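Remarks on the structure that follows.
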Amino acid sequence: MDEEVLRDTETPQAAAPLLERRVRQRQSTASVLKSKLKKGVTCSGPKVRSTLLGFFPVVQWLPKYKLKEYIWGDVMSGLIIGIILVPQAIAYCLLAGVQPIYGLLTSFYANIIYFLTGTSRHVSVGIFSLMSLMIGQVVVREVFQAGFDLNEDSTPSGPDDFNETLGTNLTDVFTVELMGVRCGRECYAISVAVAVTFLAGVYQIMMAVFQLGFVSVYLSGPMLDGFATGASVTILTVQAKYLLGLKIPRHQGYGTVIVTWINIFANIHKTNLCDLITSAICISILVAGKEIQERYKDRLKIPLPTELVVVAGATL
3 MDEEVLRDTE
13 TPQAAAPLLE
23 RRVRQRQSTA
33 SVLKSKLKKG
43 VTCSGPKVRS
53 TLLGFFPVVQ
63 WLPKYKLKEY
73 IWGDVMSGLI
83 IGIILVPQAI
93 AYCLLAGVQP
103 IYGLLTSFYA
113 NIIYFLTGTS
123 RHVSVGIFSL
133 MSLMIGQVVV
143 REVFQAGFDL
153 NEDSTPSGPD
163 DFNETLGTNL
173 TDVFTVELMG
183 VRCGRECYAI
193 SVAVAVTFLA
203 GVYQIMMAVF
213 QLGFVSVYLS
223 GPMLDGFATG
233 ASVTILTVQA
243 KYLLGLKIPR
253 HQGYGTVIVT
263 WINIFANIHK
273 TNLCDLITSA
283 ICISILVAGK
293 EIQERYKDRL
303 KIPLPTELVV
313 VAGATL
């Protein structure tokens, strides 16, 4: 009995030094900053090589690519993504306030850049609704301040508004000088969109260089959910007039969502039945196609190209 008590009393004393070794020693802030600064400014051959390979991962994985094993799956995935991006890019250009051709070009070149600099094999990059909406707000603001008409749906009201000899609408003749060149509405809009996109890319590169990704940790879930919900409502508001075939002016400033819905309900009697029926049919087909794919995805070898079917059918 005495031996057991002696062992129990000696065991904690023997384990104490072991616990002390596992305690992490706190370093001073100055020493931590000094070590990180030294690690960041030092330059060597292996470090330069690893940094360059980090910017261009394609140099590492492309020589290891198994052509016979991966090619058919990648070709099929590329075709499906390409089919989806075509109508998607056209629709998002309406949000950005530019011509559809620029959405197709953006989707094409973005994937080429990601091929060189991307690190994931399961990601397809390109334009998306939220970014298109934010750029569209800047485009509309700058176009309005430049003196252009925001109502892109306006039509000539009389013979004075249309020059049959020139075949141009005189209301669109208004131009502004941009970098020494006379620029119309579409030219000015795409110039603003390109400038905003370029600046966003510069900011992202700077954030990557300074490793500011940790900032996302401070973005709470409720804030992100609220932001996404507000963006969804705004996107629906912008697209509503196209679904109904209404020609209403675009509002600029505070209360855009409320004013837009007021204009929609005030002009609801002018709804184009052809546009409304076409929109209802397309939405029904897209929703049905999504439900079918979710239910029978185990039996389907490839996803159903519902978007392509809708675009082809609407075109015909």
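Taking my numbering, the leading residue of the sequence shown gets 3, the next gets one more, and so forth. Don't be surprised by glycine CBs; every beta carbon is placed ideally from N, CA and C. Treat the numbers as computed from the prediction; the structure is a model and nothing was measured.
> Going straight from the alpha carbon of Val235 to that of Ser134, what length do you get?
Replying inline: 14 Å
>> With the cut-off set at 9 Å, would you say Gly99 and Gly56 are in Cβ contact?
In response: no
>> Measuring straight from C-alpha to C-alpha, what distance separates Asn212 and Ser122?
In response: Residue identity differs from the one stated: residue 212 is Phe in this sequence, not Asn. So the two alpha carbons sit approximately 22 Å from each other.
> Which runs of the alpha helix (DSSP H) fall wholly inside the segment 89-137 and span at least 4 residues, in chain order?
Replying inline: 102-119
>> So, does the segment 62-82 touch the segment 212-229, judging by three or more C-beta pairs under 8 Å?
In response: no
> For Cys185, which beta-bridge partners are listed by DSSP?
Replying inline: Val178
> Hey, how far is the Cα of Arg28 from the Cα of Val289?
Replying inline: 57 Å
>> Let's test the definition: count the other Cβ atoms within 10 Å of the Cβ of Pro89 and tell me whether it reaches 16, buried, or not, exposed.
In response: buried
>> Can you give me the C-alpha to C-alpha distance between Leu97 and Ser131, rounded to a whole angstrom?
In response: 7 Å
> For Thr236, does the three-state DSSP call read helix, strand or coil?
Replying inline: helix
>> Assuming Leu306 and Ile287 are in contact, meaning their beta carbons sit under 8 Å apart, how far apart are those beta carbons, in whole angstroms?
In response: At roughly 10 Å, the Cβ-Cβ gap does not stay under 8 Å, so Leu306 and Ile287 are not in contact.
> For Asp300, which of helix, strand or coil comes out of DSSP?
Replying inline: coil
> From Ala233 to Tyr94, what distance separates their C-alpha atoms?
Replying inline: 13 Å
> So what's Gln29 in DSSP terms, helix, strand or just coil?
Replying inline: coil
>> What would DSSP say about Cys284, mapped onto helix, strand or coil?
In response: helix
> Can you tell which of Phe229, Ile260, Gly215 and Thr273 has its C-alpha closest to the C-alpha of Lys243?
Replying inline: Thr273
> Distance, Cα to Cα, Ile266 vs Ser193?
Replying inline: 30 Å
>> Cutting at 7 Å between CB atoms, please list the residues of its own chain near Cys284, excluding the five before and the five after it.
In response: Val312 and Ala316
>> Quick check on Phe117: buried or exposed, where buried means 16 or more other Cβ atoms within 10 Å of its Cβ?
In response: exposed
> Straight-line CA distance for Thr108 to Leu87?
Replying inline: 10 Å
> Would Ile129 be called buried (16 or more neighbouring beta carbons within 10 Å of its own) or exposed?
Replying inline: buried
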